[in-house]
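Peer 1: Position one of the sequence shown corresponds to residue -6 (my numbering), numbered consecutively onward.
Cβ atoms here follow ideal geometry from the backbone N, Cα and C, with glycine treated the same way.
First, the structure itself, so that you have it in front of you.
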Amino acid sequence: MDTIDFKPIFDKMKYGDDAFQELMRKRIRRILLVLPQYDAWILEHDTKLTDQIVGEYHQLNLTTVPRITTVSDGEEALKLLRKENFELMIIGRRTGDISPAELAKQAKETHPGIAVLMLFSSKSELITTSMLLEREWIDSHFVWTGDSRLLLAMIKYIEDLRNAPSDTKGGRVGVILVVEDSVPFYSAYLPLLYSEMLTLTQRLIAEEMNDKDKYWRMRTRPKVLLARDWNEAIELGKTYRDALIGIVSDISFMRDEQFDIRAGFSLIDRFREMGIGVPVLFQSSDNSMAAEAEKHGAQFQCKLAANLHQGIRRFILKELGFGDFIFHDKEGREIHRVKTLRELEQVLHTLPEEIFLFHADRNEFSRWLAARGEYNAADRIRKVRMEDFPDASERKKFLAKTLRELRETRHRGRLIDFSFNAPGTPGSVIRYGSGSLGGKGRGLAFFNALLSAIHFQEKFSPLTVEIPHTLIIATGEFDKFMDENKFPLDSYSSDEELRREFLNAPINETLRQVLSTYLEREAGPMAVRSSTLLEDSQSIPFAGVYDTYMVPPAGKDERLNMLFSAVKLVWASTYSLQAARYREALGVGRDEEKMAVVIQRAAGRQYGTYWFPRLSGTAQSLNFYPIGPMEREDGASRIAAGLGRSVVEGDRGFMFCPHFPSIPWGTEEDRWRKGQKNLWAINCGEDAVKGMDLFQGDSATLTRLSIRDAEKLGVLGHIISTWDAIGHRIVDGTEFYGPRVVDFRDILAYDWLPLAPLLGYLLRLCSAAMGIPVELEFALDWKGNIPQEATFSLLQVRPLIPQSGSLDTISVLPSDNLLLLHSKRAFGHGVISGIHDVVWIDPELYSPMETEAVREKVAALTEQLAAEGRNAILIGPGRWGSRDKFLGIPVSWTQVRQAKLIVEVIRGHEDPEPSQGSHFFHNLVALGVGYAHVSLSGDEEFISWNILKDASSDEGTVRHSIFPEPLDIIMDGKKGTVHAALRKVME
């Protein structure tokens, strides 16, 4: 088997999108401050510099606070630079015997990557001529204003300058260009601009649903780049032409070594000739320039205004798109406003076309998206014109589709907290409430994040791989429900009484509103599933112990009430008799288990009055019954048409190995005779829904369709073949008359869809992620007969625990004639000793017509053994745990819980596929119960019926043999064999 390196996938899942990871790689982490002792002391203590910087960073949720080291002169600074690394050096005018320019020169020669900024203590220290001469070595000059935010601005100025070349590639980050030559003004202005920019960016990313996403999204805030004259501005404009989102410009500054009082207007004209048509804010001390600014289609702000920061904020909010999107008519009257992508998408459906075009033609939608860090989407929208569409409605649909895809991409793979304003998108897992997500919920959240890191359509085209839209009600809501209702758990005489009490109890109003809001987003059926703390855990996983309910589409109130009932019934199943006995077997106390609830969109689509996927199934990374060239590590899968209930409850299904999908178990006649005859579906008929009562059980909303009836719905293409009774063979397709055989031949043998390769990949991926073998539950559906519209839904991933133990206890096996039983198709590993009891079904007396009576007798013997604290070997016909009485005995796990070895006895041609893939089987694996498959038609496997009869005193179909000497069970996990023999013979 080829090895696959999953580390890049795990890294991408852990650290996020590669595009975000690469942003802001060049950070300022250490700063060397070169100031005289007095200036440094005043700066530190008079302004509490360090405290203010730390406070400013924390207030803005910036994670990397720089460390500042202060020295008093240039010589001391150079000595320190020879020993330590700094990204930024800030120097004053007085640097001892070394001039500031010489200090900067030597520092850069020692550390070529270091940035050097000069900080004047006051305006009086400014000497323009010296500044021009020092530009070769000093990156920029600032004047101390008493505002601690100036240090933050200086740091961000250098970080933006260093990171802009790489961060703006591929449209990942935008740029705001500031053109200003006055050192005192930009020293006061940049702190205001950065502070507003960072604060507004934080407000925008509130739509991100977890702290990790917010951290990455902060990196997408626009860069602020400073140009101090015409040439610098032109150069920056050319370099970042496609990244520019706004320009803030002085009007009078140096141009070609001459002072030009209208340089700003000329600069914008040049930019527009270059195709740069972004919002512009002109700034000047001369108010008379306002009219000229308006002629250039720009905003104007007076530098002397007392409310300078308000003008900056207004420009950023309105012109750059950082505020609400405000729809208005040509006269400027406000029509509507939206805050989020979802609100914008929704309002487009009813927005008049003339209003839509008014904003679209001005590129306002693209600017609004760019402000939110969505530069690629903004660029995509900006490039389209009206002539690209047949009419305005199509252009509006294009924008709505872009917004929807953008939201889905943002939330794909995320675990987000429920919000009434943003209840999630397809591909997201939403959490509501405090406490744990439970085992199933944790697994779904983890693998949703993992799957989002993989481009499945590139590997397994045309399949789309998803985890259905999921809401997880955390265990805190279960605790509230229990505390508020104070159920007398010890007083209930039956599961029915318990469930009725839970159904009659109220759910708190907030949770009712949450569920109502969630249902508004999901029109189809919902699966309501358990997710307890221990369910699907790696040490003692539960599977199929708790209830799952399907809620069909119905009227709003009826559907909502049915969802309330389903949630309460799942909570009630925490205390069912079956759950209690399972916990008892595992040594788990009742109070140790808490219940979360997973609510998922049901996989599939509606066919007539029924809802189901084309196929569902399970897959295991270990194949306990390999045949032919298969190995145990190749895995196994069992699939069935319709809902997965057929598989997980041990009903009829089709078994195959993902690495050898064209090699089926059994003969062609076996696959006809023992193949799937019915499929499970959610009943969506209006009359049927009206009479549904979930109290009747988890099948109350389900129905079984015969394969013939399902074929009439036109949904079994690529799934069924035909049995040729004359030729005693299966023929492809349904063109011939004859019994249908559900064998998925088009998919497994002819690769109509790459299901088998995908399962093989997922099993290895999930096993690598969990560090142990796993079992998957999944569904696959497609529209019509179009493989390009096929969706694979991963519904659950749980640990599949192989048994462990040593075979060294007994080194020599007894001869065959002294064995009680021998199987060559078994799972389990190790030795189980001290068994005295065997419960077995007499093959000479058994009839499939009495399976229910046999089940009750077995259950009664189990209770007797449990009361006496005795374990047993259980032997019987066909598949234990199947709900199909013609395949075997339809027991639940609790009815056989004292068994340490369960044996399937196969007589003649009655040979169902090995029992792997069901919840019943999974729990046996998890609990270390051995399982064996014994065929009586061959010579290599056997059961010594005479030994059993001699030790049994009772008569009838179900018999109980008790041995005075203990039996030992020897399981060889490597060979897949099981032996059981009397110890007195073995010694």
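Determine the burial state of ARG18: buried for a count of at least 16 other Cβ atoms within 10 Å of its Cβ, exposed for fewer.
Peer 2: exposed
Peer 1: Express the C-alpha separation of GLY823 and SER797 in angstroms, rounding to a whole number.
Peer 2: Confidence in SER797 is poor, its pLDDT being 45 and thus under 50, which makes the residue's placement too unreliable to answer from.
Peer 1: Could you check whether the stretch 860 to 868 touches the stretch 883 to 891, counting it as contact only if at least three pairs of C-beta atoms, one from each stretch, sit closer than 8 Å?
Peer 2: Taking 8 Å as the limit for Cβ pairs, the verdict is that the stretch 883 to 891 does touch the stretch 860 to 868.
Peer 1: Let's test the definition: count the other Cβ atoms within 10 Å of the Cβ of ARG738 and tell me whether it reaches 16, buried, or not, exposed.
Peer 2: buried
Peer 1: Going by DSSP, name the residue or residues bridged to ALA892.
Peer 2: ALA865
Peer 1: From ILE712 to THR611, what distance separates their C-alpha atoms?
Peer 2: 17 Å
Peer 1: Taking just the CA atoms, how far does ILE328 sit from VAL136?
Peer 2: 45 Å
Peer 1: For PRO59, I'd like the list of residues in its chain whose CB is within less than 7 Å of its CB, leaving aside the five on either flank, ordered along the chain.
Peer 2: ILE21, ARG22, ARG23, ILE24, ILE148
Peer 1: Mind checking which residues open and close the alpha helix (DSSP H) that includes SER359?
Peer 2: 357 to 364
Peer 1: Which term fits PHE605, buried or exposed, when burial requires 16 or more other beta carbons within 10 angstroms of its beta carbon?
Peer 2: Counting other Cβ atoms within 10 Å of its Cβ, PHE605 reaches 16 or more and is therefore classed as buried.
Peer 1: Could you give the residue range of the beta strand (DSSP E) that holds MET111?
Peer 2: 108 to 113
Peer 1: Are three or more beta carbon pairs between the stretch 221 to 234 and the stretch 246 to 265 nearer than 8 Å?
Peer 2: yes
Peer 1: Which residues mark the beginning and the end of the alpha helix (DSSP H) in which ARG666 is found?
Peer 2: 661 to 666
Peer 1: Please name the residue or residues paired with ASP965 in a DSSP beta bridge.
Peer 2: THR970
Peer 1: According to DSSP, simplified to helix, strand and coil, what is LYS216?
Peer 2: strand
Peer 1: Taking C-alpha atoms, which residue in THR950, ARG397, GLN450 lies nearest to ILE834?
Peer 2: THR950
Peer 1: From LEU392 to ARG165, what distance separates their C-alpha atoms?
Peer 2: 20 Å
Peer 1: In the DSSP assignment, the alpha helix (DSSP H) including THR503 goes from what residue to what residue?
Peer 2: 502 to 514
Peer 1: So, helix, strand or coil for TRP130, using DSSP?
Peer 2: Here TRP130 carries a coil assignment [DSSP, helix/strand/coil].
Peer 1: Leaving aside the five residues before and after ILE151 along the sequence, list all residues of the same chain whose C-beta is less than 8 Å from its C-beta, in chain order.
Peer 2: ILE21, GLU80, LEU81, ALA108, LEU110, ASP132
Peer 1: Classify PRO272 as buried or exposed, calling it buried when 16 or more other Cβ atoms lie within 10 Å of its own Cβ.
Peer 2: buried
Peer 1: DSSP state of PHE471, grouped into three classes?
Peer 2: helix
Peer 1: With 16 other CB atoms within 10 Å as the buried threshold, where does TYR603 fall?
Peer 2: buried
Peer 1: May I ask which residues mark the beginning and end of the alpha helix (DSSP H) holding THR727?
Peer 2: Here THR727 belongs to no alpha helix (DSSP H), and DSSP marks it neither H nor E.
Peer 1: What are the boundary residues of the beta strand (DSSP E) that includes MET842?
Peer 2: MET842 -> no beta strand (DSSP E), and no H or E assigned at all.
Peer 1: Please give me, in chain order, every unbroken run of the alpha helix (DSSP H) with length at least 4 that falls completely inside the stretch 647 to 727.
Peer 2: 661 to 666, 679 to 683, 700 to 705
Peer 1: Measure the C-alpha to C-alpha separation of ALA97 and LYS389 and round it to an integer number of angstroms.
Peer 2: 56 Å
Peer 1: When we look at the beta-carbon of TYR31 and count the other beta-carbons within 10 Å, is it buried (16 or more) or exposed?
Peer 2: The residue is exposed, with fewer than 16 neighbouring Cβ atoms inside 10 Å.
Peer 1: Taking GLU996 as part of the alpha helix (DSSP H), name the residues at either end of that continuous run.
Peer 2: The requested residue 996 does not occur in the structure, where the chain is confined to residues -6 to 980.
Peer 1: Would you check if there are 3 or more beta carbon pairs closer than 8 Å linking the stretch 180 to 197 to the stretch 248 to 263?
Peer 2: Contact annotation: the stretch 180 to 197 does not touch the stretch 248 to 263, with fewer than three C-beta pairs closer than 8 Å.
Peer 1: Three-state secondary structure (DSSP) at GLU528?
Peer 2: Judged by DSSP in its simplified three-state form, GLU528 adopts strand.
Peer 1: On a CA-only basis, which of ASP4, GLY426, GLN276 is nearest LYS473? Give me that one, please.
Peer 2: GLY426
Peer 1: Would you kindly check if the distance between the Cβ of VAL168 and the Cβ of ALA220 is under 7 Å?
Peer 2: Not in contact: ALA220 and VAL168 (Cβ atoms no closer than 7 Å).
Peer 1: If you run the structure through DSSP and keep just helix, strand and coil, what is GLY827?
Peer 2: If DSSP states are grouped into helix, strand and coil, GLY827 belongs with the strands.
Peer 1: Closest by CA to GLY777, which one among SER359, ASP243, GLN599, LYS670?
Peer 2: With distances taken between Cα atoms, GLY777 lies closest to GLN599.
Peer 1: So, helix, strand or coil for THR88, using DSSP?
Peer 2: Of the three classes helix, strand and coil, the one that applies to THR88 here is coil, per DSSP.
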